[in-house]
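Colleague: The opening residue of the sequence shown carries number -8 in this note's numbering; numbering runs sequentially from there. Backbone N, C-alpha and C fix where the C-beta goes; we use that ideal spot for every residue, glycine too. Got a structure for you, questions after.
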Amino acid sequence: MCDTDGKSSVPNGGSDDPEPGEGRDEADASAAPEALTSPDSANLSSVPDGSEDGQDRALTNSEQKQGLGEEEDTDSMDGSVLYSLTEEGERESEGGVQRERGKDESKRSARKRNRPSGGATRHSSSSDDDDEEEEEEEDGEEEDAMEAWLGADLCDLSRPSWCAVPSLRAREIGRDSHQFVRRVCGARGLVQRLELQGRLERHTGCVNTLHFNPSGTRLASGSDDLRVVIWDWARRRAELEFDSGHKSNVFQAKFLPHSGDSTLAMCARDGQIRVAELSATQRCKNTKRVAQHKGAAHKLALEPDSPCSFLSAGEDAVVFGIDLRLDRPANKLVVVKEGDKKVGLYTIFVNPANTHHFAVGGRDQYVRIYDQRKINEHDNNNGVLKKFCPSHLVSSEAKTNITCLVYSHDGTELLASYNDEDIYLFDSSHSDGADYRRKYKGHRNNATVKGVNFYGPCSEFIVSGSDCAHIYLWDKNSARVVQFMEGDRGGVVNCLEPHPHLPGLATSGLDHDVKLWAPTAENPTTLKGLKEVMKKNKRERDEDTLRHGDQYDTQLLWFLMRHMRNRRPQRARRGEGGEGDTDESWSSPDSSDEEEGGPDHVQCMSS
């Protein structure tokens, strides 16, 4: 059995919406035989040859057969068609259909209002006919353009690289057994069988960060409730919960490698970079501030082999190098600029194959790569080693931001997610200014700061959340969607954390829980509803681009929100989780003068 496992089962078109990732309706296998033996087809022999009724019935019968043949083709997942979508899978629920019809009617009404009026009643019937024909032509052109967009920039799916039965036999006799788990984790057939396994519920706010420890036995989560929870995810229980010491939304919490899971680095909207010391008895000894940004700090970048060094990036455009062995841990590495203008940062990542290199992204369209050994802010490039950007965005007037970027497992590729744009894959070895190699589309990245990640031991897949509450997995080489799951009732999926050694992942978003996914579904996905959701996301993105061509500066919005709301009282439970949660910090001359300040706590404020 290969990893595609033959043809997918056709889902039932029922109106009851299942829980996210929980089960799928199966098709009635008798639908095709009943259609082929319908009364119309059975009575064709009794219709005289040449009669109009006979021709009509023959046509109807041939259309039924043709429709069945097309539906059978779309069940295959061998890359010969655009998506594995059945006729039922292309339909949305009744409510979604009604909304789409309402939108179409409003568009037609608007077009009628915008047309210049002719004579009062002259040739009214012919004019109405012309209007209807025009509307049908415009709708047809729009649908053709959408279909062309769906099919653009795609390649054929390759043949399955992993087959279950031969692989299991080889493992039984000890041949290539050390490669078994890696091949399973990268198998497309298992990705297509991912489904919801369970939820981890403890937080009282949006869950903004997830991180597995290096062995994969523990999962750290951080939230708008200012708490950090360490989970024994396999047993679905919290082993440790403590107050982070932050004054605003916790954006990231990561285990430092080779620290025995005893050191956790954290960053938040208040701009603080804090380190928590955890004991073997499942207690938090203390948390200390080691650096301070003047704006929100969204991401940390770990060095793969270092238990005491990591990087941080903030909206103040500063990158700190932090070494916990020093008396003054924070060292300002670079202030990111485009010309003389600072570029606020949302994301940072260290190249796992060359830890001297790191990449940053933020409030412009450029991915910047730096070499820590060669940073010179006084040269023409402000210390940048190389920059990448999709060619069509270089001179674009649209205000485009990079919300997340990550390196592949071997550092050869760099993935960047743009707000209200697509996801782009770059070759990190290419020269300065090189264009992207591949792009991944269909999701929506607008409401919050979305994450993106590679999935698989050899970065075989791309995984991203979306404003439409779904999780998308694309095959990296073909750019085709191979998995599509409903991931969040709150409407937005932000964080996606693959397990380091097993075929599964954890996700979170606006919901207050963490969701765990594993490849346990009996049948591979049929991608039910994918096509319509992708079209809907595209339409909304285009409409927002036209409506809000010149968006407000997000920092100004944050400033106004901060000063318009009532200040909330300080949380009374500060210090519950550890013996010594404190604002004590190792002083640094590069830290901000606003160390004791920081914005108030806000639920799920996008940046």
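(1) My understanding is that C380 touches Y398, with C-beta atoms under 8 Å, so please give their C-beta distance in whole angstroms.
(2) Using 8 Å as the Cβ pair cut-off and three pairs as the minimum, do the stretch 326 to 342 and the stretch 301 to 309 touch?
(3) When the distance is taken between beta carbons, is A282 closer than 8 Å to I264?
(4) Quick check on S168: buried or exposed, where buried means 16 or more other Cβ atoms within 10 Å of its Cβ?
(5) What did DSSP end up calling R429 once you bin it into helix, strand or coil?
(6) Going by DSSP, what residues sit across from Y361 in a beta bridge?
(7) Do R480 and D458 come within 8 Å of each other at the CB atom, strictly closer than that value?
(8) Measure the alpha-carbon distance for A304 versus D362 and round it to whole angstroms.
(9) Can you tell which of R184, S387, G213, L406 has the C-alpha that lies nearest to the C-alpha of K467?
(10) Can you tell me the Cα-Cα spacing of N436 and E163, whole angstroms?
(11) Between W465, I414, L291, which lies nearest to D426 when the distance is taken from Cα to Cα?
(12) Mind listing, in chain order, the continuous beta strand (DSSP E) runs of no fewer than 3 residues lying wholly within the stretch 246 to 311?
(13) Between R174 and the rest of its own chain, which residues show a CB-CB distance below 7 Å, the 5 nearest in sequence each way excluded?
(14) Using C-beta distances below 6 Å, list every residue in its chain close to T516, excluding the 5 sequence neighbours before and after it, in chain order.
(15) Between the C-alpha atoms of H202 and K245, what's the straight-line distance to the nearest angstrom?
(16) Looking only at its chain, what residues have a beta carbon closer than 6 Å to the beta carbon of L376, apart from the 5 residues adjacent to it on each side?
(17) Our contact map puts N199 next to D252 with C-beta atoms below 8 Å; I'd like the distance itself, whole angstroms only.
(18) Name, in chain order, the residues that DSSP records as bridge partners for A229.
(19) Note down the Cα distance separating F233 from C275, rounded to an integer number of angstroms.
(20) When the Cα of E388 is compared with those of Q188, R218, G189, L537, which residue comes out closest?
(21) Can you pull the DSSP bridge partners for K378?
(22) Give the DSSP bridge partners of R190, in chain order.
(23) Based on DSSP bridge pairs, tell me the residues matched to G213.
(24) On the three-state DSSP scale, how would you describe T536?
(25) Would the beta-carbon of I264 be found less than 7 Å away from any heavy atom of the ligand PLP?
(26) Check each candidate in F171, D147, R150, K333 and name the one with the smallest Cα separation from V156.
(27) I think C486 touches V443, with their Cβ atoms under 8 Å apart; what is that distance to the nearest whole Å?
(28) For the putative contact between R218 and S235, defined by C-beta atoms under 8 Å, what is the C-beta separation to the nearest angstrom?
(29) Determine the DSSP secondary structure at Q170, reduced to helix, strand or coil.
(30) May I have a chain-ordered list of the beta strand (DSSP E) segments no shorter than 3 residues that lie completely inside the stretch 420 to 494?
(31) Give a yes or no on contact between the stretch 502 to 513 and the stretch 524 to 536, applying the rule of three or more CB pairs nearer than 8 Å.
(32) Under the DSSP definition of a beta bridge, which residues are partnered with K333?
(33) Taking 7 Å as the limit between beta carbons, can you name the residues of its chain near G207, skipping five residues before and five after?
(34) Using the Cα positions of A143 and T403, report the straight-line distance between them to the nearest angstrom.
(35) Please identify the residue among L191, N277, F340 whose C-alpha is closest to the C-alpha of S214.
(36) Measure from the alpha carbon of H293 to the alpha carbon of each residue in N240, C449, H347, then state which is nearest.
Modeller: With the structure as the only source:
(1) As a first step, residue 380 is located in the sequence shown; it is residue number 389 there, counting from the start. As a first step, residue 398 is located in the sequence shown; it is residue number 407 there, counting from the start. So it is not a contact: roughly 17 Å between Cβ atoms.
(2) yes
(3) For the purposes of this step, residue 264 is taken as residue 273 along the sequence shown, with counting starting at 1. For the purposes of this step, residue 282 is taken as residue 291 along the sequence shown, with counting starting at 1. Yes. Within cutoff.
(4) The residue you call residue 168 lines up with position 177 of the sequence shown. With fewer than 16 other Cβ atoms within 10 Å, it is exposed.
(5) Counting from one through the sequence shown, the residue named residue 429 turns up at place 438. The answer is strand: DSSP assigns R429 an E or B state.
(6) Taking the first residue of the sequence shown as 1, we reach residue 361 at position 370. Bridge partners of Y361: F349.
(7) The residue you call residue 458 lines up with position 467 of the sequence shown. The residue you call residue 480 lines up with position 489 of the sequence shown. No; because the gap between Cβ atoms is not below 8 Å, this pair is not in contact.
(8) Taking the sequence shown and counting its residues from 1, one reaches residue 304 at position 313. Taking the sequence shown and counting its residues from 1, one reaches residue 362 at position 371. Going by the C-alpha atoms only, they are around 15 Å apart.
(9) By 1-based counting over the sequence shown, the position of residue 467 is 476. Of the candidates R184, S387, G213, L406, the one whose C-alpha sits nearest the C-alpha of K467 is L406.
(10) For the purposes of this step, residue 436 is taken as residue 445 along the sequence shown, with counting starting at 1. For the purposes of this step, residue 163 is taken as residue 172 along the sequence shown, with counting starting at 1. Between N436 and E163, the C-alpha separation is close to 45 Å.
(11) Here residue 426 is taken as the residue at index 435 of the sequence shown, counted from 1. Taking only the C-alpha atoms, the option nearest D426 is I414.
(12) 254 to 259, 263 to 269, 275 to 283, 288 to 293, 300 to 305
(13) In the sequence shown, the residue the question calls residue 174 occupies position 183. Around R174: W153, S158.
(14) Along the sequence shown, one-based indexing puts residue 516 at 525. Closer than 6 Å at Cβ, skipping near neighbours: Q183, Q474.
(15) As a working mapping, residue 202 is identified with position 211 in the sequence shown. As a working mapping, residue 245 is identified with position 254 in the sequence shown. Approximately 6 Å, taken between the alpha carbons.
(16) The residue you call residue 376 lines up with position 385 of the sequence shown. Excluding sequence neighbours, L376 sits near I360, Y361, D362.
(17) Within the sequence shown, residue 199 is the residue found at index 208, counting from 1. Within the sequence shown, residue 252 is the residue found at index 261, counting from 1. N199 to D252, Cβ: 21 Å. No contact.
(18) By 1-based counting over the sequence shown, the position of residue 229 is 238. A229 pairs with W222.
(19) Indexing the sequence shown from 1 puts residue 233 at position 242. Indexing the sequence shown from 1 puts residue 275 at position 284. About 7 Å.
(20) Counting from 1 along the sequence shown, the entry for residue 388 is found at position 397. Minimum Cα distance to E388 is reached at L537.
(21) Here the question's residue 378 lines up with position 387 in the sequence shown. Note: K378 sits in a beta bridge opposite R359.
(22) Residue 190 sits at position 199 when you count from the first residue of the sequence shown. Answer is K506.
(23) Mapped onto the sequence shown, residue 213 falls at position 222. T200, V219.
(24) Counting from one through the sequence shown, the residue named residue 536 turns up at place 545. DSSP places T536 in helix when its eight states are reduced to three.
(25) Of the ligands one can find in the structure shown there are none, so the ligand PLP has no counterpart to examine.
(26) Here residue 156 is taken as the residue at index 165 of the sequence shown, counted from 1. For the residues F171, D147, R150, K333, the minimum Cα distance to V156 belongs to F171.
(27) Taking the sequence shown and counting its residues from 1, one reaches residue 486 at position 495. Taking the sequence shown and counting its residues from 1, one reaches residue 443 at position 452. Actually they are not in contact, since the Cβ atoms of C486 and V443 sit about 10 Å apart, beyond 8 Å.
(28) Residue mapping note: residue 218 aligns to position 227 of the sequence shown, counting from 1. Residue mapping note: residue 235 aligns to position 244 of the sequence shown, counting from 1. Yes, they are in contact, since the Cβ atoms of R218 and S235 sit about 7 Å apart, within 8 Å.
(29) Stepping through the sequence shown from its first residue, residue 170 is reached at position 179. Helix at Q170.
(30) 429 to 431, 443 to 446, 452 to 455, 461 to 466, 472 to 477, 484 to 489
(31) no
(32) The residue you call residue 333 lines up with position 342 of the sequence shown. K333 is bridged to K328.
(33) By 1-based counting over the sequence shown, the position of residue 207 is 216. Excluding residues within five positions, the ones whose Cβ falls inside 7 Å are H490, P491, H492, L493.
(34) By one-based count along the sequence shown, residue 143 stands at place 152. By one-based count along the sequence shown, residue 403 stands at place 412. A143 and T403: Cα-Cα distance of roughly 25 Å.
(35) For the purposes of this step, residue 214 is taken as the residue at position 223 of the sequence shown. Answer by Cα proximity: L191.
(36) What you label residue 293 is simply residue 302 of the sequence shown in a count that begins at 1. Looking at the sequence shown, residue 293 is not His but Leu. Looking at the Cα atoms, H347 is the closest of the given residues.
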